[in-house]
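Shown next, in structure tokens, is the structure this report addresses.
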Amino acid sequence: MGSTPRPIRLAILETDTPIPSVSAKYDGYFGVFQSLFSRAVAPTPLDQILTLTRHDVVNDLNSYPALDAIDAILITGSRHNAFGDDDWITALVEFTRKALLTGGRVRVIGVCFGHQIVGRTMGVLVDRSDRGWEVSVTEIRLTEKGRELFGGRETLRIQQMHRDQVFALPAGAELLAETDVCPNQGFVVPGKVITVQGHPEFTDFIMEELLKARHATGLFTDDMFQSGLERNKQQADGELIASVFVKFLQQ
Numbered sequence: 177m178g179s180t181p182r183p184i185r186l187a188i189l190e191t192d193t194p195i196p197s198v199s200a201k202y203d204g205y206f207g208v209f210q211s212l213f214s215r216a217v218a219p220t221p222l223d224q225i226l227t228l229t230r231h232d233v234v235n236d237l238n239s240y241p242a243l244d245a246i247d248a249i250l251i252t253g254s255r256h257n258a259f260g261d262d263d264w265i266t267a268l269v270e271f272t273r274k275a276l277l278t279g280g281r282v283r284v285i286g287v288c289f290g291h292q293i294v295g296r297t298m299g300v301l302v303d304r305s306d307r308g309w310e311v312s313v314t315e316i317r318l319t320e321k322g323r324e325l326f327g328g329r330e331t332l333r334i335q336q337m338h339r340d341q342v343f344a345l346p347a348g349a350e351l352l353a354e355t356d357v358c359p360n361q362g363f364v365v366p367g368k369v370i371t372v373q374g375h376p377e378f379t380d381f382i383m384e385e386l387l388k389a390r391h392a393t394g395l396f397t398d399d400m401f402q403s404g405l406e407r408n409k410q411q412a413d414g415e416l417i418a419s420v421f422v423k424f425l426q427q
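Below, the structure written as structure tokens:
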């Protein structure tokens with residue numbers, strides 16, 4: 177009999193801390209992704225598929241894993257700007273570059289801010305969009321490559337919380353999806369990179385808490401807030417997206 181494949185060693189690079197109400201329910205964004213992947217691979221126990229490690233790359237520049245000790249990285253979302261030049265952001269870009277230079281031995285997943293960091297690392301423009309925010313559950317149109325990866329689906333619903341964008345497709349990448357507000361909703365370099373602009377890890381609880389917090393500060397207008405709450409009642413496809421991430425890692 178063949179041996180059982182060992183779990184894939186996935187390093188979660190935490191680029192932010194959730195707001196207090198979300199932190200009270202989850203153990204940081206590490207816990208949010210741990211919950212997402214657990215649901216996506218159920219009923220198989222997560223630790224049979226993935227070994228997750230957490231790395232606080234904002235507050236500890238020495239927290240990065242050794243590339244020879246992991247199989248993949250996932251760069252989380254963040255309230256920070258991926259086009260910024262803070263020391264920790266430039267260090268993250270450099271580490272992502274080193275991961276990409278492994279030629280696919282260490283695979284790269286980017287989510288929202290992470291998608292933008294990967295785009296920046298691969299040499300394309302990341303900046304604030306003049307088209308404004310995308311928030312809450314949003315329908316994205318899949319490309320031919322997206323339909324291939326997502327079982328023939330024409331569209332997906334994904335939670336969104338961004339106003340920054342990746343303005344071009346990196347060399348060698350294939351576009352996965354688009355919206356009118358954000359034409360680059362994710363891309364793939366087969367065997368090396370997969371990214372999404374949205375947040376598959378966000379539940380309706382997390383989105384509601386973010387909408388309330390940003391409305392309370394005046395960042396979101398009453399109309400944005402109410403529209404976001406209404407669309408948040410729709411079922412998002414986060415677990416399906418996470419299952420595609422897992423397949424990408426297993427290939």
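Just so you know, we're using my numbering here: the sequence shown kicks off at 177 and counts up by one.
Note that the Cβ used here is the ideal one computed from N, Cα and C, for glycine as well.
In this text the structure is predicted, and so the values were computed from the model without any measurement.
**OP:** Rounded to whole angstroms, what's the CA-CA distance from Arg307 to Val420? Just pull it up for me.
**Re:** 29 angstroms
Original post:
Using 8 angstroms as the threshold, is the stretch 227-240 in touch with the stretch 194-202, meaning 3 or more CB pairs across them?
Top reply: no
Subject >> One or two residues paired with His231 in a DSSP bridge >> reply: DSSP output for His231 lists Leu189 as bridge partner(s).
Subject >> C-beta atoms of Val234 and Trp264 nearer than 8 angstroms >> reply: Cβ distance < 8 angstroms, so Val234 and Trp264 count as in contact.
Subject >> N- and C-terminal bounds of the beta strand (DSSP E) containing Gln336 >> reply: Thr331 to His338
Original post:
By Cβ distance, which residues of its chain are closer than 6 angstroms to Arg273, with the 5 residues on each side in sequence left out?
Top reply: Thr297
Original post:
Considering only C-alpha positions, which residue in the set Ala218, Asp223 and His391 is nearest to Leu405?
Top reply: His391
Original post:
Span of the alpha helix (DSSP H) holding Ile249?
Top reply: Run containing Ile249: none in the alpha helix (DSSP H); it sits in the beta strand (DSSP E), Ala248 to Ile251.
Subject >> Candidates Asp236, Arg339 and Pro241, of which the one nearest Gln292 by Cα >> reply: Arg339
**OP:** Give the C-beta separation of Met337 and Leu386 to the nearest angstrom, bearing in mind that I take them to be a contact with Cβ-Cβ under 8 angstroms.
**Re:** Their Cβ separation, rounded to whole angstroms, is 6 angstroms, which keeps Met337 and Leu386 in contact under 8 angstroms.
Subject >> Close-in-space but distant-in-sequence residues of the same chain around Phe156 (CB under 7 angstroms, 5 per side omitted) >> reply: Any question about residue 156 goes unanswered here, given that the chain covers just 177 to 427.
Original post:
What are the start and end residues of the alpha helix (DSSP H) that includes Thr272?
Top reply: Asp263 to Leu276
Original post:
By how many angstroms is the C-alpha of Ser403 removed from the C-alpha of Val287?
Top reply: 23 angstroms
Original post:
For Leu318 versus Arg304, is the C-beta spacing smaller than 8 angstroms?
Top reply: no
Subject >> Inter-residue CB distance, Ile184 and Gln427 (contact presumed, cutoff 8 angstroms) >> reply: About 11 angstroms separates the beta carbons of Ile184 and Gln427, which is beyond the 8 angstroms limit, so they are not a contact pair.
**OP:** Flag this pair as yes or no: are the beta carbons of Val282 and Ile251 separated by less than 8 angstroms?
**Re:** no
Original post:
CA-CA distance, Thr355 and Leu186?
Top reply: Distance between the alpha carbons of Thr355 and Leu186 is about 29 angstroms.
Original post:
Taking the C-alpha atoms as reference points, what is the distance between Met177 and Ala418?
Top reply: Below a pLDDT of 50, predicted positions are generally treated as unreliable, and Met177, at 44, falls in that range; no measurement from the model is reported.
**OP:** Below 7 angstroms CB to CB, which residues in the same chain sit around Val438 once its five sequence neighbours on both sides are set aside?
**Re:** Absent from the model: residue 438. The displayed extent of the chain is 177 to 427, so no value can be given.
Subject >> Buried/exposed call for Gln341, threshold 16 Cβ in 10 Å >> reply: buried
**OP:** Give the range of the alpha helix (DSSP H) segment to which Arg317 is assigned.
**Re:** First-last for Arg317: Glu310 to Leu318, but that is the beta strand (DSSP E), not the alpha helix (DSSP H).
**OP:** Can you grab the Cα-Cα spacing for the pair Gln373 / Tyr202, in whole Å?
**Re:** 22 angstroms
Original post:
Exposed or buried, which one is Gln210 when buried takes at least 16 other CB atoms within 10 Å?
Top reply: buried
Subject >> Straight-line Cα distance separating Pro181 from Ile382 >> reply: 34 angstroms
Original post:
With a CB to CB cut of under 8 angstroms and the five nearest residues on each side skipped, what residues in its chain are close to Asn360?
Top reply: Closer than 8 angstroms at Cβ, skipping near neighbours: Gly295, Gln341, Val342, Phe343, Ala344, Leu345, Leu351, Glu354 and Gln373.
Subject >> Selected residue, minimal CA-CA separation from Leu325, among Ala258, Cys358 and Phe363 >> reply: Phe363
**OP:** Would you kindly work out how many angstroms separate the C-alpha atoms of Phe206 and Glu190, rounded to a whole number?
**Re:** 7 angstroms
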